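J.: Residue numbers (the working numbering), protein chains in the order written: chain A, 1072 to 1207; chain B, 1072 to 1207. Beta carbons are placed, not taken as given, at the ideal position from N, Cα and C, and that holds for glycine. Computed from a predicted structure; not experimentally measured. Okay, handing you the structure first.
2 protein chains.
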Amino acid sequence: MTRTHEKVSYAPEGKPAELTPISAAARVEKILKMLEGRWKLSILFQLFGGKVLRFSELERAIPAVSQKMLIQQLRQMEADGMVRRVIYPEVPPKVEYTLTRWGQALCPTLDSLLKWAAVRDELPVPAESVADDAGL
Amino acid sequence: MTRTHEKVSYAPEGKPAELTPISAAARVEKILKMLEGRWKLSILFQLFGGKVLRFSELERAIPAVSQKMLIQQLRQMEADGMVRRVIYPEVPPKVEYTLTRWGQALCPTLDSLLKWAAVRDELPVPAESVADDAGL
DNA sequence: CTGTATCCCGTACGATACTG
DNA sequence: CAGTATCGTACGGGATACAG
């Protein structure tokens, strides 16, 4: 990892750059932070598939959430670019929430996570390892 | 790959899971909890690629972590089946940490997350949406 | 209906000291 | 070297009341 030279973007388009364990971990951490909110995944899965829900519908779809938390998480997701908020200037107020294309694009990755987790449950139970063991 | 109406569950054979938005969200939440610890991703990326590190090496590789946190996160990851801990009954003590096969298997998914995040940065900046808008 | 504004609390995390 | 034990704190999140 001796990087005395900056290999600026000589790469033909797009290739991000070298990822050290440190920088990779930092990036993924930032990403996870975007998903970590107590209600964000619930919101995400309610909206996956292009669904359009208004605020009150989300409230009903996720009964345990409070208004404060719902709006807070929605706003964060909007700021992160995952959620789109459309205001209808009516009385009474009407606001619709959808996922952006980018938000939708998260679906396969979450699926991948689910598959990964599913694998563990078909695995043998590991034991304490002392010194030399044949375990994998 | 722009499927606007992607279903989250595949029903073909033996797959027991009908996934509602609720259950899917709950599952992914559990998975994220396994990765959410302040130092788990750092540990993961240090060990990716089959690397074997002893406790003190991890400490050095992740300078900001305290012993307490390092051991705590390692133990949780071990309990979750991602990390393997091998004890050498010597004096002085020696303990090596590696990822399990299952832990290693997380790598592609994290990569997928990185790619997903990278996409956003090539995207136009969204604006407030009022009533009808041509945005996506 | 769609939000704000307060207050409160548990816990995840940090700092530090000690031990086999 | 590889951990425990203890204490203190910041902050994410819940409950509730209020507002445009």
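(1) Counting only C-beta atoms, is proline 1179 (chain A) closer than 9 Å to chain B at any point?
(2) Residues in the region 1116–1130 of chain A with C-beta within 7 Å of chain B's C-beta atoms, listed in sequence order?
(3) For a cutoff of 9 Å on Cβ pairs, would you count arginine 1191 (chain A) as touching chain B?
(4) Give me the Cα-Cα distance between glycine 1121 (chain A) and proline 1092 (chain B), rounded to the nearest whole angstrom.
(5) To the nearest angstrom, how far is it from the Cα of lysine 1111 (chain B) to the Cα of glutamate 1107 (chain A)?
(6) Helix, strand or coil: how does DSSP classify valine 1079 (chain A) here?
(7) Taking 9 Å as the threshold (C-beta atoms), are isoleucine 1114 (chain A) and glutamine 1144 (chain A) in contact?
(8) Leaving aside the five residues before and after alanine 1082 (chain A) along the sequence, list all residues of the same chain whose C-beta is less than 7 Å from its C-beta, in chain order.
(9) Using a Cβ cut-off of 8 Å, pull out every chain A residue sitting near arginine 1098 (chain B), in sequence order please.
(10) Using beta carbons (cut-off 9 Å, strictly below), is glutamate 1089 (chain A) in contact with chain B?
(11) Between isoleucine 1102 (chain A) and chain B, is the shortest Cβ-Cβ distance under 9 Å, so that the two count as touching?
(12) Verify whether the separation of the beta carbon atoms of alanine 1188 (chain A) and phenylalanine 1116 (chain B) is less than 9 Å.
(13) First and last residue of the alpha helix (DSSP H) that includes arginine 1146 (chain A)?
(14) Measuring CA to CA, which of A:Pro1179, A:Arg1109 and A:Ala1198 is closest to valine 1136 (chain A)?
(15) Looking at isoleucine 1114 (chain B) and the ligand ZN, is the gap between the Cβ and the nearest heavy atom below 8 Å?
(16) For arginine 1146 (chain A), decide whether its Cβ has a neighbour in chain B, counting only Cβ atoms nearer than 9 Å.
(17) Mark leucine 1129 (chain A) as exposed unless 16 or more other C-beta atoms lie within 10 angstroms of its C-beta, in which case mark it buried.
(18) Is DSSP giving glutamate 1128 (chain B) helix, strand or coil here?
(19) Looking at the C-beta of proline 1163 (chain B), does it have a partner C-beta in chain A at a distance below 9 Å?
(20) When the Cα of leucine 1090 (chain A) is compared with those of B:Leu1141, B:Phe1119, B:Val1162 and B:Gln1147, which residue comes out closest?
(21) Would you call the region 1145–1156 of chain A and the region 1167–1181 of chain A in contact, with 3 or more CB pairs under 8 Å?
(22) Which one of B:Lys1104, B:Glu1100, B:Pro1163 and B:Ala1150 has the shortest CA to CA distance from glutamate 1125 (chain B)?
(23) Count the other C-beta atoms from every protein chain shown that fall within 10 angstroms of the C-beta of valine 1099 (chain B), then say buried if there are 16 or more, exposed otherwise.
(24) Show which residues of chain B have a CB atom less than 8 Å away from the CB atom of proline 1092 (chain A).
(25) Looking at the structure shown, is leucine 1106 (chain A) part of a helix, part of a strand, or coil, going by DSSP?
(26) Going by C-alpha to C-alpha distance, which of B:Glu1199, B:Ile1142, B:Met1148 and B:Glu1193 sits closest to glutamine 1175 (chain B)?
(27) Any idea which residues DSSP pairs valine 1208 (chain A) with across the strands?
(28) For chain B, check one thing: does any of its Cβ atoms lie closer than 9 Å to the Cβ of valine 1136 (chain A)?
(29) Among all the DSSP beta bridges, which residues are the ones paired with lysine 1165 (chain A)?
T.: The structure says:
(1) It does; some Cβ of chain B falls within 9 Å.
(2) The region 1116–1130 of chain A vs chain B, Cβ under 7 Å: Phe1116, Gln1117, Phe1119, Gly1120 and Gly1121.
(3) For arginine 1191 (chain A), at least one C-beta of chain B is nearer than 9 Å to its own C-beta.
(4) Distance from the CA of glycine 1121 (chain A) to the CA of proline 1092 (chain B), rounded to the nearest whole angstrom, comes to 13 Å.
(5) When rounded, the distance between both Cα atoms is 14 Å.
(6) Note that valine 1079 (chain A) scores 39 on pLDDT, short of 50, meaning its location in the model is unreliable; the coordinates nonetheless yield the value given after this. Here valine 1079 (chain A) sits in coil by DSSP.
(7) Note that the C-beta distance between glutamine 1144 (chain A) and isoleucine 1114 (chain A) is below 9 Å.
(8) With a pLDDT of 39 at alanine 1082 (chain A), under the threshold of 50, the predicted position of this residue should be treated as unreliable, and no value is reported.
(9) Neighbours of arginine 1098 (chain B) on chain A, chain order: Leu1185 and Ala1188.
(10) For glutamate 1089 (chain A), the answer is no, since every Cβ of chain B falls outside 9 Å of its Cβ.
(11) Interface residue, yes.
(12) Not in contact: alanine 1188 (chain A) and phenylalanine 1116 (chain B) (Cβ atoms no closer than 9 Å).
(13) Segment 1138–1150, the alpha helix (DSSP H) holding arginine 1146 (chain A).
(14) Nearest in C-alpha terms to valine 1136 (chain A), of all of A:Pro1179, A:Arg1109 and A:Ala1198, is A:Arg1109.
(15) This structure lacks the ligand ZN, and indeed carries no ligand of any kind.
(16) The Cβ of arginine 1146 (chain A) sits no closer than 9 Å to any Cβ of chain B.
(17) Flag for leucine 1129 (chain A) reads buried.
(18) The three-state reading of DSSP puts glutamate 1128 (chain B) in helix, counting H, G and I together.
(19) For proline 1163 (chain B), not one C-beta of chain A is nearer than 9 Å to its own C-beta.
(20) It is B:Phe1119 whose Cα lies nearest to the Cα of leucine 1090 (chain A).
(21) They touch, by the three-pair rule.
(22) A quick correction: the sequence has arginine, not glutamate, at residue 1125 (chain B). Sorting B:Lys1104, B:Glu1100, B:Pro1163 and B:Ala1150 by C-alpha distance to the C-alpha of arginine 1125 (chain B) places B:Pro1163 at the top.
(23) Buried, since its Cβ has 16 or more Cβ neighbours within 10 Å.
(24) Under the 8 Å cutoff, chain B gives Ser1113, Phe1116, Gln1117, Phe1119 and Ala1132.
(25) Here leucine 1106 (chain A) sits in helix by DSSP.
(26) Residue nearest to glutamine 1175 (chain B) within the set B:Glu1199, B:Ile1142, B:Met1148 and B:Glu1193 is B:Met1148 (criterion: CA-CA distance).
(27) Residue 1208 (chain A) cannot be examined here, being either before or after the span of chain A that is shown, 1072 to 1207.
(28) Valine 1136 (chain A) does not count as touching chain B.
(29) Lysine 1165 (chain A) is bridged by DSSP to A:Tyr1159.
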